[in-house]
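Novice:
Residue numbers (the working numbering): 26 to 122.
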């Protein structure tokens with residue numbers, strides 16, 4: 026029965042030109058410690074909220090509303106083929122002013 030040794034326990038060997046075997050010890054590698062990162066203690070100030078008047082002046086237009094208007098434009102034009110992008114752009118411009 027043979028005993029096994031771990032690779033860490035073995036020492037590497039090197040043969041010299043004369044045929045002699047020499048043993049080399051394994052050396053530990055240097056550990057590199059990075060510099061600590063400085064964390065700011067004060068968070069940046071948040072942006073101010075937009076004025077309420079500006080939010081009320083521009084109503085939000087949904088894609089569903091634009092799609093409905095683009096469909097109406099398509100019907101008004103007589104259902105032409107291949108003008109989906111133009112109809113969408115026209116509907117978007119009409120609804121968003």
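Every residue, glycine too, gets a C-beta built ideally from N, C-alpha and C.
Tell me the rounded alpha-carbon separation between residue 105 and residue 120.
Specialist: If you number the chain shown from 1, residue 105 lands on position 80. If you number the chain shown from 1, residue 120 lands on position 95. Residue 105 and residue 120: Cα-Cα distance of roughly 22 angstroms.
Novice: Answer yes if the segment 82-97 comes into contact with the segment 105-118, meaning at least three C-beta pairs across the two stretches below 8 angstroms, and no otherwise.
Specialist: yes
Novice: In or out: residue 91 buried (at least 16 other Cβ within 10 Å) or exposed?
Specialist: Residue 91 sits at position 66 when you count from the first residue of the chain shown. By the 10 Å Cβ count, residue 91 comes out buried.
Novice: Using the rule of at least 16 other Cβ atoms within 10 Å of the residue's Cβ for burial, across every protein chain shown, is residue 118 buried or exposed?
Specialist: Here residue 118 corresponds to residue number 93 of the chain shown, with the count starting at 1. Exposed is the call here.
Novice: Starting from residue 180, trace the alpha helix (DSSP H) both ways and give me its first and last residue.
Specialist: No information on residue 180 is available, as it lies outside the stretch 26 to 122 that the chain covers here.
Novice: What three-state label does DSSP hand residue 120 in the structure shown?
Specialist: Here residue 120 is taken as the residue at index 95 of the chain shown, counted from 1. Residue 120: helix per DSSP, three-state reduction.
Novice: Buried or exposed for residue 55, going by 16 or more other Cβ atoms inside 10 Å?
Specialist: Here the question's residue 55 lines up with position 30 in the chain shown. Exposed, because fewer than 16 other Cβ atoms sit within 10 Å of the Cβ of residue 55.
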